[in-house]
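Number of protein chains: 2
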Amino acid sequence: MVEDRKLAVLRAIVEDYVATEEPVGSKALVERHGLGVSPATVRNDMAALEEEGFITQPHTSAGRVPTDKGYRLFVDRLTTVKPMSVAEKRAIATLLDGAVDLDDVVQRSVRLLSQLTRQVAVMQYPTLSASTVRHVELVALTPTRLLVVLILSTGRVEQRLVEVETPVGDEDLARLRSGLLHAAVGARLPDAANALHALDPGPDGPASATTAAVVIALVEAMSDHRSEERVVVGGTANLARYGDSFDTAVRPLLEALEEHVVLLKLLGEATGGGTVTVRIGHEGPYQELASTSVVATGYGPSEHALATLGIVGPTRMDYPGTMAAVRAVARYVSRILDEA
Amino acid sequence: MVEDRKLAVLRAIVEDYVATEEPVGSKALVERHGLGVSPATVRNDMAALEEEGFITQPHTSAGRVPTDKGYRLFVDRLTTVKPMSVAEKRAIATLLDGAVDLDDVVQRSVRLLSQLTRQVAVMQYPTLSASTVRHVELVALTPTRLLVVLILSTGRVEQRLVEVETPVGDEDLARLRSGLLHAAVGARLPDAANALHALDPGPDGPASATTAAVVIALVEAMSDHRSEERVVVGGTANLARYGDSFDTAVRPLLEALEEHVVLLKLLGEATGGGTVTVRIGHEGPYQELASTSVVATGYGPSEHALATLGIVGPTRMDYPGTMAAVRAVARYVSRILDEA
DNA sequence: GCTGGCACTCGTCAGTCCGGAGTGCCAGAG
DNA sequence: CTCTGGCACTCCGGACTGACGAGTGCCAGC
Numbered sequence: 001m002v003e004d005r006k007l008a009v010l011r012a013i014v015e016d017y018v019a020t021e022e023p024v025g026s027k028a029l030v031e032r033h034g035l036g037v038s039p040a041t042v043r044n045d046m047a048a049l050e051e052e053g054f055i056t057q058p059h060t061s062a063g064r065v066p067t068d069k070g071y072r073l074f075v076d077r078l079t080t081v082k083p084m085s086v087a088e089k090r091a092i093a094t095l096l097d098g099a100v101d102l103d104d105v106v107q108r109s110v111r112l113l114s115q116l117t118r119q120v121a122v123m124q125y126p127t128l129s130a131s132t133v134r135h136v137e138l139v140a141l142t143p144t145r146l147l148v149v150l151i152l153s154t155g156r157v158e159q160r161l162v163e164v165e166t167p168v169g170d171e172d173l174a175r176l177r178s179g180l181l182h183a184a185v186g187a188r189l190p191d192a193a194n195a196l197h198a199l200d201p202g203p204d205g206p207a208s209a210t211t212a213a214v215v216i217a218l219v220e221a222m223s224d225h226r227s228e229e230r231v232v233v234g235g236t237a238n239l240a241r242y243g244d245s246f247d248t249a250v251r252p253l254l255e256a257l258e259e260h261v262v263l264l265k266l267l268g269e270a271t272g273g274g275t276v277t278v279r280i281g282h283e284g285p286y287q288e289l290a291s292t293s294v295v296a297t298g299y300g301p302s303e304h305a306l307a308t309l310g311i312v313g314p315t316r317m318d319y320p321g322t323m324a325a326v327r328a329v330a331r332y333v334s335r336i337l338d339e340a
Numbered sequence: 001m002v003e004d005r006k007l008a009v010l011r012a013i014v015e016d017y018v019a020t021e022e023p024v025g026s027k028a029l030v031e032r033h034g035l036g037v038s039p040a041t042v043r044n045d046m047a048a049l050e051e052e053g054f055i056t057q058p059h060t061s062a063g064r065v066p067t068d069k070g071y072r073l074f075v076d077r078l079t080t081v082k083p084m085s086v087a088e089k090r091a092i093a094t095l096l097d098g099a100v101d102l103d104d105v106v107q108r109s110v111r112l113l114s115q116l117t118r119q120v121a122v123m124q125y126p127t128l129s130a131s132t133v134r135h136v137e138l139v140a141l142t143p144t145r146l147l148v149v150l151i152l153s154t155g156r157v158e159q160r161l162v163e164v165e166t167p168v169g170d171e172d173l174a175r176l177r178s179g180l181l182h183a184a185v186g187a188r189l190p191d192a193a194n195a196l197h198a199l200d201p202g203p204d205g206p207a208s209a210t211t212a213a214v215v216i217a218l219v220e221a222m223s224d225h226r227s228e229e230r231v232v233v234g235g236t237a238n239l240a241r242y243g244d245s246f247d248t249a250v251r252p253l254l255e256a257l258e259e260h261v262v263l264l265k266l267l268g269e270a271t272g273g274g275t276v277t278v279r280i281g282h283e284g285p286y287q288e289l290a291s292t293s294v295v296a297t298g299y300g301p302s303e304h305a306l307a308t309l310g311i312v313g314p315t316r317m318d319y320p321g322t323m324a325a326v327r328a329v330a331r332y333v334s335r336i337l338d339e340a
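Protein chains in written order, with UniProt numbering: chain G, 1 to 340; chain E, 1 to 340.
So, in structure tokens, the structure goes:
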């Protein structure tokens, strides 16, 4: 009973603080939420909550503010799922359905997510390693210069130029091409890479060297980390709403947003199946970002999470709404990638 | 004589204000710069300069601050070319020489530029229309599904999938390929597009429809505006140095940086031949950005400007240094693209 | 045409003061 | 044991003030 009320108080504090951006006191609390007790009672509960580390006072005789721990409890136990409105769902669907290719899907998703949450949105490109090979093509630009093209199930196309020592004839090329196709098409990237390495290079000789060079280029394209690290950011203008705390919060965040490796670490491991990960303040890997939270989830066709998308914002944010938006966008993006 | 001193005073005001970020008074001026006259004399000059609209006072009895018009005069007539130091030149060269492909060149250039100038750097991808066709390739993924690959002199590769009604045979494909190559290779994009359109589709029939579809895809790839509009931004963390004026300056700028179309308009037309364009405050196309300046120049192999790069920053900036940095980076990037 | 001097203007800063919001604690009532 | 009303206390924030100093404009004199 008492425990229940304490939790209700915590929830009320979080909600009010998120809405008003000001420390919330006992009186305002009983007025604005219908808890049927007096301010004095609430004060006692608050003292207990502070004792347990869920809330804190900026200074003596100010209202209370949730701590990271408080937000954590709120997110874990006090959040009721807030479904998206029909209008929002329709907006998401129509906006994303208009996308023409992978780049466009990513671009639109980021914009959408930043608008829905009014936070900075971050989205990782579909990870190469989880996709399969749709096609491999070899083109002789000149007799000693080959263009290797790799087409993936995600619609991504990678190409590499390969210079070879000895001119390659048409029959050699055709043989190599069919070998590559046979080995790689339909396989997941890591498997395809293995299969390629195992390709019989034939008897020693010039053709063998060519095969080796092409295979190397292909494998490199498959494991190209720069593509895996590709991240798109949107809605940075929302940072302007941070208002105070420019140097302590906005600057490190801007720096992080430019370092894609850092960003990826921030987003964390992709979690599939509709689970949204929330990382609050100091829980993240970077001390400088102690006042920012990350709300992220995995996306990708079917169960398999291909990559991560989410938002970065102040710890003081509307977690239920943000989580719902992130989940909804991830779901729609997954569906679209599935169809393509 | 008197005119000369007035200009010297203006220059001193601009330099001091840029350095200190504080309105500069007559006394400080004579002390810090070796103009051999008394403060009173300087005050008279200042009054005249203010009359002419080059400087202004934030409030009565404060120091003077340059107006946009004052900066303009400073940039046009008072700027002595400040050459890059040897160390800086070497840093630029070594950093950019390590780039492995076009994406990397752009990425590194932006980072470099933002570090050199401590401003937000912006760089447009090489414009398609100014480059030439290096190679065209046709690949039949399936009999009715063709991959069209377009390789440009800038190293850019565009590809399109084309679905055709009737299966395409190998000989048809070879004939079409050689026709395309003949028409397009070596030509500038607009010319190539024209040549393609003029391709004789042969007698009416299934092959003709295929040709038409492929040509359409190629021309579309050539004039793909999304590629022309691609812009990379770096160094946004430098925005944190704006300090005050968050809503009035930083927010509109962040918004502009996300809208690539807006950004391109901001950069303006590419100017070749080492000419650096400076747009100060209200001279730009957007009122919201009245307190920001743009320093930009064209880059590209030889004389021909392919695209634009530059920086965006507060009107209160070190114009000579920034202009030198922009020019230097553009020059090195051009050289690298020339070699490739 | 330059300079020194002088009166004047104003923004800034430190200090002071006051109101209000909020707290903790305590005694008393269910 | 739990809740409540009351009370004294704390402390932030805004408003106000006065001294200070940087800077100006103007004028008379060289």
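Where a beta carbon is used, it is the ideal one built from N, C-alpha and C, also for glycine. Since this is a predicted model, take the numbers as computed values, not measurements.
Just to make sure I have the definition right: I need the residues of chain G whose C-beta is within less than 8 angstroms of the C-beta of residue i. Which are they?
| i | result |
| --- | --- |
| arginine 108 of chain E | Going along chain G, no residue has its Cβ under 8 angstroms from arginine 108 of chain E, so there is no contact; the nearest lies around 13 angstroms. |
| threonine 236 of chain E | Thr236, Leu254, Leu257 and Glu258 |
Under 7 angstroms between beta-carbons, which chain G residues line up against residue i? List them in chain order, please.
| i | result |
| --- | --- |
| leucine 141 of chain E | His135 |
Identify every residue that forms a DSSP beta bridge with residue i.
| i | result |
| --- | --- |
| valine 42 of chain E | Per DSSP, none; premise fails for valine 42 of chain E. |
| tyrosine 17 of chain G | None, per the DSSP bridge assignment. |
| alanine 240 of chain G | Paired residue(s): none; alanine 240 of chain G is not in a bridge. |
| alanine 121 of chain G | G:Gly234 and G:Ile311 |
| serine 293 of chain E | E:Gly313 |
| proline 66 of chain E | E:Ile55 |
| glutamate 137 of chain E | E:Val149 |
| valine 24 of chain E | E:Arg64 |
| tyrosine 299 of chain E | E:Ala307 |
| threonine 132 of chain E | E:Arg188 |
| threonine 142 of chain E | E:Arg145 |
Using the beta-carbon of each residue, which ones in chain E are nearer than 8 angstroms to residue i?
| i | result |
| --- | --- |
| valine 149 of chain G | Val139, Leu147, Val149 and Gln159 |
Anyone know if the C-beta pair for residue i and residue j falls short of 8 angstroms?
| i | j | result |
| --- | --- | --- |
| arginine 43 of chain G | isoleucine 55 of chain G | no |
| serine 114 of chain E | glycine 235 of chain E | yes |
| valine 333 of chain G | valine 233 of chain G | no |
| proline 83 of chain E | proline 58 of chain E | no |
| leucine 150 of chain E | valine 164 of chain E | no |
| arginine 175 of chain E | glutamate 220 of chain E | no |
| valine 295 of chain G | histidine 260 of chain G | no |
| glutamine 119 of chain E | methionine 323 of chain E | no |
| valine 278 of chain E | serine 293 of chain E | yes |
| arginine 11 of chain G | phenylalanine 74 of chain G | yes |
| valine 139 of chain E | valine 139 of chain G | yes |
| leucine 116 of chain E | arginine 156 of chain E | no |
| leucine 189 of chain E | valine 133 of chain E | yes |
| arginine 251 of chain E | alanine 240 of chain G | yes |
| arginine 72 of chain G | isoleucine 280 of chain G | yes |
| isoleucine 92 of chain E | valine 329 of chain E | yes |
| valine 168 of chain E | leucine 218 of chain E | no |
| alanine 237 of chain E | glutamate 88 of chain G | no |
| proline 126 of chain E | alanine 270 of chain E | no |
| leucine 289 of chain E | leucine 253 of chain E | yes |
| aspartate 68 of chain E | lysine 6 of chain E | no |
| leucine 263 of chain G | methionine 123 of chain G | no |
Extract the residue ranges of the beta strand (DSSP E) inside the region 77–113 of chain G, only unbroken runs of 3 or more that lie entirely within it. Taking only runs of at least 3 residues, no beta strand (DSSP E) segment lies wholly in the region 77–113 of chain G.
Below 9 angstroms between beta carbons is the criterion; list the residues of the region 312–336 of chain E that meet it against any residue of chain G, in chain order. Close to chain G, meaning a Cβ-Cβ distance shorter than 9 angstroms, is no residue of the region 312–336 of chain E at all.
Just to confirm the assignment: which complete beta strand (DSSP E) runs, minimum length 3, are found wholly within the region 256–286 of chain E? 277–279
Which parts of the region 149–206 of chain G are runs of the beta strand (DSSP E), unbroken and 3 residues or longer, counting only runs that do not cross its ends? 157–163
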